[in-house]
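Below: the structure, in structure tokens.
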Amino acid sequence: MASDEKVKLAPSILAADFSQLAEQVAEAEAAGADRIHVDVMDGHFVPNISLGPPIIHSLRPITKLPLETHLMISDPNRYLEAFADAGSDSMLVHVEGAWHLNRIIHHIKSLGKSAGVVLNPATPATAVQEILPDVDQVLVMTVNPGFGGQSFLASTLSKIAQLREMIDAGGRPIELSVDGGIDCDSATQAVAAGARVLVAGSAIFRAEEGIAAAMAALRKAAVVN
Ligand code: DX5
Ligand code: ZN
């Protein structure tokens, strides 16, 4: 018997058709997306360059959904105001890119935004032990960050389970998200391990069956037991 706990979907616009970004975000919103995930890459922290504050600024008036900003950039602390001003609702920073993680998390909160930490595949769950009481979200990268369309790394499942235990033991509601290579199959595995937010790019925006049908299929695959 499935529990009534719901898994949230965060479509990642990295895989969207940017010539039709407004239409595709509207379609994802109408299909019940819980938030929009925006991947920011600087060509330094990750080997790719993607989006910045102007895209957030353009999206802000066209959707009611929260805009979640995944900062794959060096020295994220320098850019938090710019993203907050552009309209980000939450900011996720990598443990690996943050020399002063506690300072950055509190900086995000001082801007009135939701704060999250992100772990690369090779970063252990214990890297966030001390910061856990201060964050709203933990995002586990299930691929190496930098590109959409990569294959899910099943080796991250034990870390998801470990973080689930750490979060439950802490007794505070912290969202546990996964990002990278999420399709129906990996969604089922990630949710079974304890994830409750699925970030998906290719599986939603590049799906042959269309955005709404792809999201419905992911929802079906991601039921909490
Ligand atoms: C990867 C990004 C992901 C990316 C996921 O570095 O953080 O959010 O958009 O894309 P898919 O779902 O195609 O793996
Ligand atoms: Zn991302």
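Residues in the sequence shown are numbered from 8 upward in steps of one, following the working numbering.
All C-beta atoms, glycine included, are put in the ideal place defined by N, C-alpha and C.
query	result
Measuring CB atoms only, is the stretch 213 to 232 touching the stretch 178 to 186, in the sense that at least three cross pairs come out at less than 8 Å?	no
In or out: GLU34 buried (at least 16 other Cβ within 10 Å) or exposed?	buried
Shortest alpha-carbon distance to ASN55 belongs to which of PRO61, ILE211 and LEU78?	LEU78
Taking a contact to mean a Cβ-Cβ separation below 7 Å, would you say VAL100 touches PRO83 in this structure?	yes
Which value, in whole angstroms, describes the spacing of the CA atoms of SER95 and HIS114?	14 Å
Nearest-angstrom Cα distance between ILE211 and ALA132?	28 Å
Could you compute how far the alpha carbon of ALA93 sits from the alpha carbon of VAL135?	28 Å
Can you tell me the Cα-Cα spacing of VAL198 and ALA229, whole angstroms?	6 Å
Looking only at its own chain, which residues have a Cβ that is under 7 Å from the Cβ of LYS116, when we skip the five neighbours before and after it?	ALA122
In chain order, what are the residues with a CB under 6 Å from some non-hydrogen atom of ligand 2?	SER19, HIS44, ASP46, HIS77, ASP186 and VAL206
Using the C-alpha atoms, what's the distance from HIS51 back to SER10?	42 Å
I'd like the span of the alpha helix (DSSP H) that includes ASP192, first residue to last.	191 to 200
Less than 7 Å separating the beta-carbons of LYS120 and ALA89?	no
Where DSSP assigns a beta bridge to SER184, which residues make up the other side?	LEU146 and VAL204
Check VAL230 in the structure and name its three-state DSSP category.	coil
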